[in-house]
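**Q**
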Amino acid sequence: MEIYDGEFISELESIARRVRAHAVKMIYQAGSGHPGGSLSAVDILVALYFHLMKHDPKRPDWPERDRFVLSKGHGAPALYAVLAEAGYFPVDELWSLRKMGSRLQGHPCMRKTPGVEMSTGSLGHGLAAGNGMALAAKLDRKLYRIFVICGDGEMDVGETWEAAMLASHHKLDNVTLYIDRNKLQLDGPTEKIMSLEPLGDKWKAFGWHVIEINGHSLKEIIKATNEARSIKGRPTAIICHTIKGKGVSYMEGSLHFHGKAPSDEEYRQAMEELGVSEE
Amino acid sequence: MTWKWESQRKQYGRALVELGKERNDIVVLDADLSSSTRTADFASAFPERFFNCGVAEQNMIDTAAGLAASGKTVFASTFAVFGTGRCYDQIRQSVAYPKLNIKIVASHAGITVGGDGASHQIIEDLALMRVLPNMSVIVPVDSNETYKAVKTVASNKNPVYVRIGRADVPTVTDKDSPFDLDKASIMRTGDDVTLIGCGIMVSKCLEAAEELAKHGIDARVINLHTIKPLDEKIIVKAARETGAVVTAEEHSVMMGMGSAVAMCLVENFHVPMKRVGIPDVFGESGGCDELMERYGLTMENIVEAAHDVLKRKK
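These protein sequence lines map, in sequence, to chains U and G. Here the numbering used here is used: the first residue of the first sequence is 8, the next is one more, and so on. Here the numbering used here is used: the first residue of the second sequence is 500, the next is one more, and so on.
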């Protein structure tokens, strides 16, 4: 099967490496941003935009396209880097992140950036918005699917669970939610700030099909998403166990890099580790 | 003056059903108050296009955003107190900022909610909505205008907030009187003083004008149904021609319609002005008329304000 083909997976992995380098460079050049939560979500985004989703960068408003919502809007650098790599806009534009006049706002804005489906940034909105798109798809008898990435910090938000109820009430099997379970939120470990476990049981209790995977394994992301596609009558939540700051040693599992740009020295080291010294 | 009292909510329900028949893209959401807001009328006519979100207003607004982003014209309804304050962040982030095609039609606004008390009497919704960029704010004056406003806003693609009441209100317009979002309506001509009202207070302004006429004072009455965008032209013209302005609203005077008019006049044409409205306090339980009297929303309050501005007029 194609998805287990070693060459194909390593191709995706090299895109992911490039995306990570772009994200770190964007934040470095902007002087601010959220590297930790951007890097933890990269592999999910790459699997979606380079394999799983039906979309056309030349026609961002193609009615049949699959929809993606980045509920954890602070992961915008990763989303922008993936969109640029996919061809929605030039890679060179990435370095304008957070600058005056840029189409790349600090948090995603659907009116400014081609490919961005929903404006996000205030946490806990994305799943409900994705549900709205899913209801529209059902009303219009369209087959497009909706993919949402939430951060685990967003599990604190009441609206997340309101949306969880609505999705299962309406049997939205066209919704797939990825929970970027990097186990750290701004103030500390999730289990210390506001315990989430048993998280899978919570989603099951809300009527969802639940899968737990390594969120950095492209194979597992693809396999779980295909499983979600086959589940009828209920939505699927994929709990993606990830590492905040994945790919840059000193950012991995670090609270410090939740919302801080790397210094000059840190930036050089990150580029070296990501194997893109030319960046 | 004797009025025919009619329900705004009933006309909202009627307009929605008509829209549902005319257009497939109309979708309606409610938050467990559909029998009160009258979205239930749409729900029974078009069950597949109605989504009851339960007691979850935040979820309702973001779900509306997803539907609107997918090409639907979405009406979202609940009581005004829950449809503005309780989901303000969702309205800001997912309706106003992305400028999505969502109409929040909120009922049970203001102090005329009556017995439910201050917890349900929102007197700050106009303030919350008018400061949001991209958001239009409409206060239909009566049942006829509610119908027209709903039909009108359905034809644009912008975010709109429409405020209606619980109680029946005096019918002051005809079924065929024109309604234009960009133009306030002159309900009575006069050159001595201008009374600008919105919602239920327009009828009080008309009563006040009758009373003033007994003293030889000719009051102009304007129905300012659209608070945003504000019809500055008609306001400035009235100030210029009458030299004194009174506003009247069933809303806190802190940042409602009267404030919008005051800001317009202070920058364009200074005249003596007075705002009739609810002072900077919460309401309480009571009958509609008792509450209107307690909180300064009577015809007499408007007459008194008119005498005050006339005294200050040079």
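All residues carry an ideal CB built from backbone N, CA and C; glycine is no exception.
Give the C-beta separation of A718/G and G689/G to the nearest angstrom, bearing in mind that I take them to be a contact with Cβ-Cβ under 8 Å.
**A** If you number the second sequence from 1, residue 718/G lands on position 219. If you number the second sequence from 1, residue 689/G lands on position 190. Contact flag correct, Cβ pair sits at about 5 Å.
**Q** When DSSP labels each residue in this structure, what does G776/G get in the three-state scheme?
**A** Within the second sequence, numbered from 1, the residue matching residue 776/G stands at position 277. It is a strand residue.
**Q** Rounded to the nearest angstrom, how far is the Cβ of M140/U from that of S569/G, given a contact under 8 Å?
**A** The count along the first sequence starts at 1 and reaches residue 140/U at position 133. The count along the second sequence starts at 1 and reaches residue 569/G at position 70. The pair is a contact, with the Cβ atoms about 5 Å apart (cut-off 8 Å).
**Q** Could you check the C-alpha separation between K812/G and G755/G for me, to the nearest Å?
**A** The sequence position of residue 812/G within the second sequence is 313, counting from 1. The sequence position of residue 755/G within the second sequence is 256, counting from 1. If you take the alpha carbons of K812/G and G755/G, they lie about 24 Å apart.
**Q** Would you kindly work out how many angstroms separate the C-alpha atoms of E286/U and M278/U, rounded to a whole number?
**A** In the first sequence, residue 286/U corresponds to position 279, counting from 1. In the first sequence, residue 278/U corresponds to position 271, counting from 1. For E286/U, the predicted structure reports a pLDDT of 45, less than 50, and the residue's modelled location is therefore unreliable. A value from the coordinates is still provided. Distance between the alpha carbons of E286/U and M278/U: 7 Å.
**Q** Would you mind sorting A212/U into buried or exposed? The rule is 16 or more other CB atoms within 10 Å of its CB.
**A** Numbered from its first residue, the first sequence carries residue 212/U at position 205. That one is exposed.
**Q** Let me check understanding here. Comparing Cα to Cα, which of D641/G, T725/G, K703/G, A738/G lies closest to N800/G?
**A** Here residue 800/G is taken as the residue at index 301 of the second sequence, counted from 1. The shortest Cα separation from N800/G among D641/G, T725/G, K703/G, A738/G belongs to K703/G.
**Q** Would the stretch 583-590 of chain G and the stretch 157-165 of chain U be scored as touching if the rule is three or more Cβ pairs under 8 Å?
**A** Contact fails: fewer than three Cβ-Cβ distances are below 8 Å.
**Q** For L705/G, tell me which candidate among W504/G, I525/G, D531/G, V802/G has the shortest Cα-Cα distance.
**A** Numbered from its first residue, the second sequence carries residue 705/G at position 206. Looking at the Cα atoms, V802/G is the closest of the given residues.
**Q** Does chain G have any CB closer than 8 Å to the CB of N181/U?
**A** The count along the first sequence starts at 1 and reaches residue 181/U at position 174. Closer than 8 Å: no.
**Q** Helix, strand or coil for P84/U? Go by DSSP, reduced to three states.
**A** Here residue 84/U refers to the residue found at position 77 of the first sequence. Three-state DSSP puts P84/U in a helix.
**Q** Quick check on this structure: which residue in D271/U, R118/U, V164/U has the alpha carbon closest to the alpha carbon of L134/U?
**A** On the first sequence, position 127 is the one that residue 134/U refers to. Closest option to L134/U, Cα to Cα, is V164/U.
**Q** Answer yes or no: does any C-beta atom of chain U fall closer than 8 Å to that of R585/G?
**A** Residue numbering aside, residue 585/G sits at position 86 when the second sequence is read from its first letter. Not closer than 8 Å to any Cβ of chain U, the Cβ of R585/G fails to qualify, so no.
**Q** Mind checking whether A605/G and A563/G have CB atoms under 8 Å apart?
**A** Within the second sequence, the letter at position 106 stands for residue 605/G. Within the second sequence, the letter at position 64 stands for residue 563/G. In this structure, A563/G does not lie closer than 8 Å to A605/G by Cβ.
**Q** For a cutoff of 8 Å on Cβ pairs, would you count A170/U as touching chain G?
**A** On the first sequence, residue 170/U is found 163 positions in, with the first residue counted as 1. Cβ-Cβ to chain G under 8 Å: yes for A170/U.
**Q** Using 10 angstroms around the beta-carbon of G252/U, count the other beta-carbons present and answer buried if the total reaches 16, otherwise exposed.
**A** Translated into the one-based positions of the first sequence, residue 252/U becomes position 245. With 16 or more other Cβ atoms within 10 Å, it is buried.
**Q** Which residues does DSSP list as the beta-bridge partners of H248/U?
**A** Taking the first residue of the first sequence as position 1, residue 248/U is located at position 241. Note: H248/U sits in a beta bridge opposite R188/U, N221/U.
**Q** What's the call for N523/G, buried or exposed, on a 16-neighbour Cβ count within 10 Å?
**A** Along the second sequence, one-based indexing puts residue 523/G at 24. So N523/G ends up on the exposed side.
**Q** With a threshold of 8 Å between beta-carbons, can P632/G be considered close to chain U, or not?
**A** Here residue 632/G corresponds to residue number 133 of the second sequence, with the count starting at 1. It does not: the Cβ of P632/G has no partner Cβ on chain U nearer than 8 Å.
**Q** Which residues of chain U have a Cβ atom closer than 8 Å to the Cβ of T562/G, listed in chain order?
**A** Taking the second sequence and counting its residues from 1, one reaches residue 562/G at position 63. By Cβ distance, chain U contributes A135, A136, N138, G139, L142, A170, L173.
**Q** If you draw a straight line from the alpha carbon of A595/G to that of V661/G, how long is it in whole angstroms?
**A** Within the second sequence, residue 595/G is the residue found at index 96, counting from 1. Within the second sequence, residue 661/G is the residue found at index 162, counting from 1. Taking the straight line from one Cα to the other gives about 14 Å.
**Q** Can you give the Cα-Cα distance for S47/U and L191/U, rounded to whole angstroms?
**A** Mapped onto the first sequence, residue 47/U falls at position 40. Mapped onto the first sequence, residue 191/U falls at position 184. The alpha-carbon atoms of S47/U and L191/U are separated by roughly 11 Å.
**Q** Determine the contact status of N600/G and N633/G, defining contact as a CB-CB distance below 8 Å.
**A** Taking the second sequence and counting its residues from 1, one reaches residue 600/G at position 101. Taking the second sequence and counting its residues from 1, one reaches residue 633/G at position 134. Cβ atoms of N600/G and N633/G: not closer than 8 Å.
**Q** Could you tell me whether any Cβ in chain U is nearer than 8 Å to the Cβ of G570/G?
**A** Counting from one through the second sequence, the residue named residue 570/G turns up at place 71. Interface residue, yes.
**Q** Does the count of Cβ pairs from the stretch 33-53 of chain U and the stretch 101-119 of chain U closer than 8 Å reach three?
**A** Counting Cβ pairs under 8 Å, three or more are found: they touch.
**Q** Report the rounded CA-to-CA distance for M8/U versus H223/U, giving the unit in angstroms.
**A** The sequence position of residue 8/U within the first sequence is 1, counting from 1. The sequence position of residue 223/U within the first sequence is 216, counting from 1. Because the pLDDT at M8/U is just 47, under 50, the model does not fix this residue reliably, and the value given afterwards should be weighed accordingly. Computed Cα separation, rounded: 20 Å.
**Q** Using the beta-carbon count (16 or more within 10 Å), is R148/U buried or exposed?
**A** Within the first sequence, the letter at position 141 stands for residue 148/U. It counts as exposed.
**Q** For V640/G, count the other beta carbons within 10 Å of its own beta carbon; 16 or more makes it buried, fewer makes it exposed. Which is it?
**A** In the second sequence, counting from the first residue as 1, residue 640/G sits at position 141. It counts as buried.
**Q** Quick one: which chain U residues come within Cβ less than 7 Å of P597/G?
**A** Taking the first residue of the second sequence as position 1, residue 597/G is located at position 98. Those are M117, R118, S126, listed as they occur along chain U.
**Q** Specify, as a first and last residue, the run of the beta strand (DSSP E) that F96/U falls within.
**A** Here residue 96/U corresponds to residue number 89 of the first sequence, with the count starting at 1. First-last for F96/U: undefined, no H or E at that position.
**Q** Name the DSSP beta bridge partners of E505/G, please?
**A** On the second sequence, position 6 is the one that residue 505/G refers to. The partner list for E505/G (beta bridge, DSSP) reads V668/G.
**Q** For G139/U, report the span of its alpha helix (DSSP H) as first-last.
**A** As a position in the first sequence, residue 139/U is number 132, starting the count at 1. First-last of the alpha helix (DSSP H) with G139/U: 133-146.
**Q** Evaluate V89/U with the Cβ neighbour count: other Cβ atoms within 10 Å of its Cβ, from every protein chain shown; 16 or more gives buried, anything less gives exposed.
**A** Working through the first sequence from its first residue, we reach residue 89/U at position 82. Flag for V89/U reads buried.
**Q** How about E169/U and N558/G: do their beta carbons lie closer than 8 Å?
**A** Position 162 of the first sequence, counting from 1, holds the residue named residue 169/U. Position 59 of the second sequence, counting from 1, holds the residue named residue 558/G. For E169/U and N558/G, yes; Cβs fall inside 8 Å.
**Q** For the alpha helix (DSSP H) that K32/U lies in, which residues bound it at each end?
**A** Counted from its first residue, the first sequence places residue 32/U at position 25. Here the alpha helix (DSSP H) through K32/U covers 13-37.
**Q** Please confirm if E166/U has its CB atom under 8 Å from at least one CB of chain G.
**A** Here residue 166/U corresponds to residue number 159 of the first sequence, with the count starting at 1. Taking Cβ atoms only, chain G reaches closer than 8 Å to E166/U, which makes this a yes.
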